[in-house]
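In this note's numbering, the protein residues as written are 229 to 495.
No residue lacks a Cβ here, since even glycine has one placed at the ideal position from N, Cα and C.
So the structure is just underneath, and the comments pick up after that.
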């Protein structure tokens with residue numbers, strides 16, 4: 229009888245970890261959230277600086293009786309470049325175990341720029357979408373889409389990967405961008421030794437991941453990628469090598485605030 233109970237418990241645990249990977253993270257991996265954390269990255273295509281990415285954990289609040297973290301992702305292209313013009317802000321509201329509750333962004337559809345809000349209703353298994361024309365607020369698109377799988381936006385994917393970077397396993401997750409969904413495969417390889425970034429005087433111990441994005445995400449992100457994360461409890465991304473609309477780029481951490489495990493800065 230005891231063996232049967234243990235067998236059933238193991239099967240349920242396995243099914244849960246495959247179908248809902250976010251449910252098992254916070255306790256097992258001891259990832260540390262830090263309100264006020266700000267990470268700034270330079271994005272380079274060969275020797276050309278394309279722009280800057282900035283991640284902020286702004287604050288915490290309660291949405292529909294659920295405690296969430298409010299995160300902003302800023303993407304700003306280099307103003308000196310004529311062939312790229314991107315100044316976007318994405319806002320993500322997620323629980324400490326990476327369950328997405330609200331996502332806000334500015335999106336362009338048929339040459340119209342909308343303020344888009346995606347509200348995740350887990351009770352009714354629906355995503356409530358409200359898109360308002362930023363030039364003509366009277367023009368609004370309101371629709372519902374089914375919520376029949378665990379979904380992560382680009383920002384929550386980054387934080388999920390940070391929390392799981394100390395594992396050795398493979399995850400297949402479903403992400404979305406501008407109402408389109410696709411698979412993101414992440415291979416967690418564990419520790420890979422020390423890696424050097426320009427902003428640090430000393431090399432930093434790192435975890436390594438690689439994988440593939442089977443969709444088009446922010447800035448045309450798609451295809452294979454590689455990433456290195458610090459090994460402290462906040463595990464900020466240190467370096468990423470990605471394919472975007474111009475080709476392969478290198479994303480490297482260049483400054484930070486409220487990173488408790490911060491290395492010695494270069495002078």
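Residue from the options whose Cα sits closest to the Cα of residue i
i, options, result
"residue 260", "303, 391 and 408", "391"
"residue 302", "354, 319, 277 and 342", "319"
"residue 477", "455, 490, 487 and 463", "455"
"residue 479", "350, 471 and 467", "467"
"residue 359", "336, 394, 395 and 383", "336"
"residue 425", "462, 491 and 362", "491"
"residue 418", "367, 448, 402 and 397", "397"
"residue 300", "311, 373, 322 and 307", "322"
"residue 357", "376, 452, 406 and 446", "406"
"residue 379", "282, 353 and 366", "353"
"residue 461", "347, 395, 375 and 377", "395"
"residue 404", "330, 452 and 367", "330"
"residue 374", "268, 365, 347 and 366", "347"
Residue i, buried or exposed, once every other Cβ within 10 Å from all chains shown has been counted against 16
i, result
"residue 400", "exposed"
"residue 355", "buried"
"residue 484", "buried"
"residue 258", "exposed"
"residue 350", "exposed"
"residue 408", "exposed"
"residue 296", "buried"
"residue 465", "buried"
"residue 256", "Caution applies to residue 256, whose pLDDT of 44 falls short of 50 and renders its modelled position unreliable; the model cannot decide the point."
Sequence-distant residues of its chain with Cβ nearer than 6 angstroms to residue i (five each side left out)
i, result
"residue 332", "319 and 345"
"residue 369", "359"
"residue 420", "434 and 436"
"residue 472", "447, 448 and 449"
"residue 486", "262, 264 and 265"
"residue 304", "279, 280 and 315"
"residue 338", "none"
Strand pairing of residue i, partner residues [DSSP]
i, result
"residue 312", "Bridge partners of residue 312: none, in fact."
"residue 284", "266 and 300"
"residue 404", "409"
"residue 399", "414"
"residue 445", "Answer is none; residue 445 lacks a bridge partner."
"residue 439", "414 and 453"
Contact set for residue i: own chain, Cβ-Cβ below 7 angstroms, skip 5 residues either direction
i, result
"residue 393", "416, 435, 437, 457 and 463"
"residue 307", "none"
"residue 270", "277, 280, 480 and 482"
"residue 287", "263 and 298"
"residue 469", "453, 454, 476 and 478"
"residue 423", "431, 432, 434, 456, 466 and 467"
Cutoff 8 angstroms; reference residue i; Cβ partners in own chain excluding five residues on either side
i, result
"residue 334", "316, 317, 341, 342, 343, 344 and 362"
"residue 475", "273"
"residue 275", "none"
"residue 253", "Since pLDDT at residue 253 reaches only 46, below the 50 mark, its modelled position is unreliable, and the value read off the structure follows with that caveat. For residue 253, where only same-chain residues beyond five positions count, the Cβ hits under 8 angstroms are 259, 325, 326, 388, 391 and 392."
"residue 372", "354, 355, 356 and 357"
"residue 402", "377, 378, 379, 380, 409, 410, 411 and 412"
Segment contact, 8 angstroms Cβ cut-off, at least three pairs: the segment 371-390 with the segment 316-330: yes
Stretch pair the segment 310-317 + the segment 288-296: three plus CB contacts closer than 8 angstroms: no
Any 3 or more C-beta pairs closer than 8 angstroms across the segment 408-427 and the segment 442-458: Contact holds: three or more Cβ-Cβ distances are below 8 angstroms.
Segment contact, 8 angstroms Cβ cut-off, at least three pairs: the segment 448-464 with the segment 429-437: yes
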